[in-house]
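A.B. asks: This is the structure, below, for whatever I ask next.
In the UniProt record's numbering, the protein residues as written are 1 to 318.
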């Protein structure tokens, strides 16, 4: 989880000056970790939960910048996650003011009859603007993103409790050429990315450039190690195959020698049989080059195969 924190700290530190990008980021923040609470007396509050005090302060700062409001910050123990702290941002005000703020960050809908509901879609004002998409994804990772240790596996995920929103969020990732899928874990929906290239692309998209370079460095080193292991395994398998072939050929030649004598073989087969016994580590190509009239390794292979067949025929005749 340390790499997850590095990424979160890096993107939280990014300064945003464009109002549309701030709105998009706050929308991503709220869609993953925001909620609306009825307080009574005509008042509502919205709450945002995070395990990062740095994220909490950044989100509070952006709300103040955009809407000139001050969010209350308090903390409590998170008994489900090793007793780490959960930081809650809360703002309480009239129904109209709360709904106006949340509609401006595209998380509330109000129909023609005045019924208000939390949205599960991502507004086109965000999806049609490349920089807004980046900010929305950045807000999403700040609140809900996590990544596995890339030394062990490639896996990045977001957690949502709304299936329809999870589908829309996954679609947004896929439209950004980041391959994602959805699975259910108890009552949560996990939008996850397994391909290393897509993870790298996402880190680049949300502005986690230092983390992306670190991820790429680990990925390249793993590829080199895997390639070396593959080559070694391949060479080991080839050596094992060569050794088994030599033992089989040697037994066939010795069997013919014991039963009939090597003079029983035609001259071209007798020559290669003697060379095979005397040069057990030589490749077929090297054996062919040592003949009085050098031949290719395919010719050597055919001659040795004939010797094995002759040995088999002698055995069957007995």
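For each residue, glycine too, the CB sits at the ideal point set by N, CA and C.
Exposed or buried, which one is residue 61 when buried takes at least 16 other CB atoms within 10 Å?
C.D. replies: Here residue 61 is taken as the residue at index 61 of the chain shown, counted from 1. In this structure residue 61 is exposed. Its beta-carbon is surrounded by fewer than 16 other beta-carbon atoms within 10 angstroms.
A.B. asks: Would you decide whether residue 236 is buried or exposed? Buried here means 16 or more other CB atoms lie within 10 Å of its CB.
C.D. replies: Translated into positions along the chain shown, residue 236 becomes position 236. Residue 236 comes out exposed.
A.B. asks: Hey, how far is the Cα of residue 261 from the Cα of residue 223?
C.D. replies: Counting from one through the chain shown, the residue named residue 261 turns up at place 261. Counting from one through the chain shown, the residue named residue 223 turns up at place 223. So the alpha carbons of these two residues sit roughly 54 Å apart.
A.B. asks: Going by Cα to Cα distance, which pick from 75, 163 and 170 is closest to residue 157?
C.D. replies: Sequence index remark: in the chain shown, residue 157 carries index 157 (1-based). Nearest of 75, 163 and 170 to residue 157, Cα basis: 170.
A.B. asks: Could you give the first and the last residue of the continuous beta strand (DSSP E) run that contains residue 39?
C.D. replies: Translated into the one-based positions of the chain shown, residue 39 becomes position 39. Looking at the DSSP string, the run of the beta strand (DSSP E) that includes residue 39 is 34-40.
A.B. asks: Between the stretch 184-191 and the stretch 158-167, do three or more beta carbon pairs fall short of 8 Å?
C.D. replies: Yes, they touch.
A.B. asks: Taking the C-alpha atoms as reference points, what is the distance between residue 317 and residue 273?
C.D. replies: Taking the first residue of the chain shown as 1, we reach residue 317 at position 317. Taking the first residue of the chain shown as 1, we reach residue 273 at position 273. Roughly 21 Å separates the two Cα atoms.
A.B. asks: Counting only the same chain and skipping the five closest in sequence on each side, list residues whose C-beta sits under 7 Å from that of residue 206.
C.D. replies: Residue 206 sits at position 206 when you count from the first residue of the chain shown. So the qualifying residues of the chain are 11, 134, 137, 138 and 141.
A.B. asks: Just reading off the alpha helix (DSSP H) that residue 179 is part of, what are its end residues?
C.D. replies: In the chain shown, counting from the first residue as 1, residue 179 sits at position 179. Premise fails: residue 179 is in no alpha helix (DSSP H) and is neither H nor E.
A.B. asks: On a Cα-Cα basis, can you pick out the residue from 15, 27 and 303 that is closest to residue 132?
C.D. replies: What you label residue 132 is simply residue 132 of the chain shown in a count that begins at 1. With distances taken between Cα atoms, residue 132 lies closest to 27.
A.B. asks: Would you say residue 269 and residue 307 are within 7 Å of each other, going by their C-beta atoms?
C.D. replies: Looking up residue 269 in the chain shown gives position 269. Looking up residue 307 in the chain shown gives position 307. Taking 7 Å as the Cβ cut-off, residue 269 and residue 307 qualify as a contacting pair.
A.B. asks: Which residues bound the alpha helix (DSSP H) around residue 54?
C.D. replies: Taking the chain shown and counting its residues from 1, the one referred to as residue 54 is at position 54. Run containing residue 54: 53-67, per the alpha helix (DSSP H) assignment.
A.B. asks: Does the distance from the C-beta atom of residue 120 to that of residue 46 stay below 7 Å?
C.D. replies: To locate residue 120, count along the chain shown from 1; it is residue 120. To locate residue 46, count along the chain shown from 1; it is residue 46. In this structure, residue 46 does not lie closer than 7 Å to residue 120 by Cβ.
A.B. asks: Given that a residue counts as buried once 16 or more other Cβ atoms are within 10 Å of its Cβ, and exposed if not, what is residue 243?
C.D. replies: Here residue 243 refers to the residue found at position 243 when the chain shown is read from its first residue. The residue in question, residue 243, is exposed, as its Cβ has fewer than 16 Cβ neighbours within 10 Å.
A.B. asks: My guess is that residue 101 and residue 110 are in contact by the Cβ rule of under 8 Å, so how many angstroms apart are they, rounded?
C.D. replies: As a first step, residue 101 must be located in the chain shown, where it is residue number 101. As a first step, residue 110 must be located in the chain shown, where it is residue number 110. Contact doesn't hold; Cβ gap of about 13 Å is too wide.
A.B. asks: Is residue 112 helix, strand or coil by DSSP?
C.D. replies: Counted from its first residue, the chain shown places residue 112 at position 112. Three-state result, residue 112: coil.
A.B. asks: Let me make sure I understand the geometry here. Which of 85, 75 and 44 has the alpha-carbon closest to that of residue 94?
C.D. replies: Position 94 of the chain shown holds residue 94. Looking at the Cα atoms, 44 is the closest of the given residues.
A.B. asks: At 4 residues or longer, and completely inside the stretch 226-289: list those alpha helix (DSSP H) runs for me, N to C.
C.D. replies: 267-278, all fully within the stretch 226-289.
A.B. asks: What do you get for residue 107, buried or exposed, if any count of 16 or more other CB atoms within 10 angstroms of its CB means buried?
C.D. replies: Taking the first residue of the chain shown as position 1, residue 107 is located at position 107. By the neighbour-count rule (16 or more Cβ atoms within 10 Å), residue 107 is buried.
A.B. asks: Let's test the definition: count the other Cβ atoms within 10 Å of the Cβ of residue 58 and tell me whether it reaches 16, buried, or not, exposed.
C.D. replies: Your numbering for residue 58 matches position 58 in the chain shown. Classification of residue 58: buried, given that the 10 Å Cβ count is 16 or more.
A.B. asks: Note down, in chain order, each residue of its chain lying with its Cβ closer than 6 Å to the Cβ of residue 219, except the 5 sequence neighbours on either side.
C.D. replies: Translated into the one-based positions of the chain shown, residue 219 becomes position 219. Result list for residue 219: 196, in chain order.
A.B. asks: Quick one: what's residue 85 bridged to in DSSP?
C.D. replies: The residue given as residue 85 occupies position 85 in the chain shown. DSSP output for residue 85 lists 77 as bridge partner(s).
A.B. asks: Residue 403 by DSSP, collapsed to three states: which one?
C.D. replies: Past the edges of the chain, shown from 1 to 318, lies residue 403, and the structure says nothing about it.
A.B. asks: Figure out for me which residue from 49, 98, 97 and 65 has the closest Cα to the Cα of residue 85.
C.D. replies: Taking the first residue of the chain shown as 1, we reach residue 85 at position 85. Ranking 49, 98, 97 and 65 by Cα distance to residue 85 puts 49 first.
A.B. asks: Quick test of your reading: residue 92 and residue 39, contact by CB under 8 Å. State the CB separation rounded to the nearest angstrom.
C.D. replies: Counting from 1 along the chain shown, the entry for residue 92 is found at position 92. Counting from 1 along the chain shown, the entry for residue 39 is found at position 39. Contact flag correct, Cβ pair sits at about 6 Å.
A.B. asks: Throw me the rounded Cβ distance for the residue 179 and residue 198 pair, which I believe falls under 8 Å.
C.D. replies: Taking the chain shown and counting its residues from 1, one reaches residue 179 at position 179. Taking the chain shown and counting its residues from 1, one reaches residue 198 at position 198. Residue 179 to residue 198, Cβ: 5 Å. Contact.
A.B. asks: In three-state DSSP terms, what is residue 158?
C.D. replies: The residue labelled residue 158 in the question sits at position 158 within the chain shown. Residue 158 falls in the strand class under three-state DSSP.
A.B. asks: Within 10 angstroms of the Cβ of residue 321, are there 16 or more other Cβ atoms? Answer buried if so, exposed if not.
C.D. replies: Any answer about residue 321 is impossible in this case: the structure gives the chain only from 1 up to 318.
A.B. asks: Rounding to the nearest angstrom, what Cα-Cα distance links residue 32 and residue 229 in this structure?
C.D. replies: Taking the first residue of the chain shown as 1, we reach residue 32 at position 32. Taking the first residue of the chain shown as 1, we reach residue 229 at position 229. Rounded to whole angstroms, residue 32 to residue 229 spans 42 Å at the Cα level.
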